[in-house]
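Scroll down for the structure; my scribbles are underneath it.
There are 2 protein chains.
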Amino acid sequence: MKNDNYEQLLKRKGLKKTKVRLALIQHFMNMEHAQSYNDLQAALINELDKSTLYRNLTSFEQAGIIHRINDHTGVSKYAFGEPSIHGNEHAHFVCECCETVYCMEGLVPLQLNIPKGFKTNNVQTIVKGICAKC
Amino acid sequence: MKNDNYEQLLKRKGLKKTKVRLALIQHFMNMEHAQSYNDLQAALINELDKSTLYRNLTSFEQAGIIHRINDHTGVSKYAFGEPSIHGNEHAHFVCECCETVYCMEGLVPLQLNIPKGFKTNNVQTIVKGICAKC
DNA sequence: TTTTAAATGCAACTTAGTTGCATTTATGTT
DNA sequence: AACATAAATGCAACTAAGTTGCATTTAAAA
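In the order they appear, the protein sequences are chains A and B.
Residue numbering for the first sequence follows this note's numbering, beginning at -7 and increasing consecutively.
Residue numbering for the second sequence follows this note's numbering, beginning at -7 and increasing consecutively.
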């Protein structure tokens, strides 16, 4: 994806094109694993205001540009793309050693005894283990 | 489980019998859904120090008396019992309306393409939806 | 070029959870 | 029962993630 396409992406989502947003999208495109607030702050050359960054992450999430991942470390992480396709959420792998979060291919077919009267909307799975680098 | 058994449980786990702990176990036994710090603080008659409560939750978790649940609201919740039996973690149902967390029966059989070099240790699943009460 | 709504930056705040330390209490030993 | 000791408690101060209100700036439509 070229810079031109980033601009179109923002326009399509009804978001204004700003330096911060272009830099953010660029960065997400380049990273193969999920990014925390701190990862992003460290990666972006120009230090960026806390609330500006958080607000952009929220906008991007709402627009479906990125998805938020809760890896159970207490810190939210974000990765490019929508969380689910056709209602199937992908799973996330969290390395117990380096805390890196990877998006996983494949399905999570549940066989649960959901009690009567409970309505399931979506399923989020996190797989913990050790990644290839550790 | 009677009070007597609570004492034995604590002894077996190498934890001292204290008022706080007996009250906590009692409360967990009575509740059918997971409890947050605030739930517990509100339920226990005698207001309890923040750090004492958190430290007891940690001890109980380490002893396998309760398990901690991350329901993606940013607040940890705790429920009676070990998180897994024979390596199979049970899933948790989180009501999107009232935020109540329920432990679910049944298995979560994964069919994921975990990349080469990745070692899976455990799988945590949260199911979001609307509970019977809402 | 002007207008306007949205984006940014700053500061102050909130909430969950942790840590250090002095005091108290449960329990094993004499 | 009295003592010793390690663990549990309470208090205060702190940390870290994330949010909010508001004044200023900027993108982009008119």
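C-beta atoms are modelled at their ideal positions from N, C-alpha and C, and glycine is treated no differently.
Please read all numbers here as calculations on a predicted model, not as lab measurements.
Problem - Spatially closest choice to residue 68(A) from 70(B), 63(B), 69(B), 72(B), by CA coordinates - result: 63(B)
Exercise for the section: Please list, in chain order, all residues of the same chain as residue 58(A) whose beta carbon is under 8 Å from its beta carbon, the five residues on each side excluded. Expected result: 20, 49, 52, 70, 71, 72, 73
Exercise for the section: Kindly provide the ranges of any beta strand (DSSP E) runs that are 3 or more residues long and lie completely inside the segment 64 to 106 of chain A, ordered along the chain. Expected result: 68 to 72, 84 to 87, 93 to 95
Problem - Cβ-based neighbour list, residue 45(B), same chain, cut-off 7 Å, excluding 5 preceding and 5 following - result: 29, 32, 33
Problem - Interface residues of chain B facing residue 62(A) [CB-CB closer than 7 Å] - result: 62, 64
Problem - residue 42(B) - containing alpha helix (DSSP H), residue span - result: 42 to 55
Practice task
Check whether the Cβ of residue 58(A) lies closer than 8 Å to any Cβ atom in chain B.
Solution key: Chain B contact via Cβ: absent.
Practice task
Name the one or two DSSP bridge partners that residue 37(A) has.
Solution key: For residue 37(A), which the question treats as bridged, DSSP gives no partner whatsoever.
Problem - Contacts of residue 12(A) in chain B (Cβ-Cβ under 8 Å) - result: Going along chain B, no residue has its Cβ under 8 Å from residue 12(A), so there is no contact; the nearest lies around 25 Å.
Handout entry: Interface residues of chain B facing residue 112(A) [CB-CB closer than 7 Å]
Key = 119, 121
Handout entry: Coarse secondary structure for residue 111(A), derived from DSSP in three states
Key = strand
Exercise for the section: Return the CA-CA distance between residue 108(B) and residue 66(A), expressed in angstroms with no decimal places. Expected result: 27 Å
Exercise for the section: Count the other CB atoms, across all protein chains shown, that sit within 10 Å of the CB of residue 37(A); report buried if there are 16 or more and exposed otherwise. Expected result: exposed
Exercise for the section: Have a look at 113(A), 112(A), 105(A), 94(A) and flag the residue whose alpha-carbon is nearest the alpha-carbon of residue 105(B). Expected result: 94(A)
Problem - Counted within 10 angstroms of its Cβ, other Cβ atoms place residue 4(B) as buried (16 or more) or exposed - result: exposed
Problem - For residue 111(A), the nearest candidate out of 116(B), 125(B), 98(B) (CA to CA) - result: Comparing Cα positions, the closest option is 125(B).
Exercise for the section: Grab the span of the alpha helix (DSSP H) containing residue 19(A) for me, first residue to last. Expected result: 11 to 22
Handout entry: Per-residue contacts from residue 54(A) into chain B (C-beta, under 7 Å)
Key = Residues of chain B passing the Cβ test: none, with the nearest at roughly 16 Å.
Exercise for the section: Give the DSSP-derived three-state secondary structure of residue 120(B) in the structure shown. Expected result: strand
Problem - Neighbourhood of residue 35(B) by C-beta distance below 6 Å, restricted to the same chain and skipping five residues each side - result: 19
Handout entry: Reference residue 133(A), options 117(B), 61(B), 56(B), 8(B), closest by Cα
Key = As displayed, chain A neither begins before -7 nor continues past 126, which places residue 133(A) out of reach and without an answer.
Handout entry: Neighbour-count burial assignment, residue 123(A), 16 or more Cβ in a 10 Å radius
Key = buried
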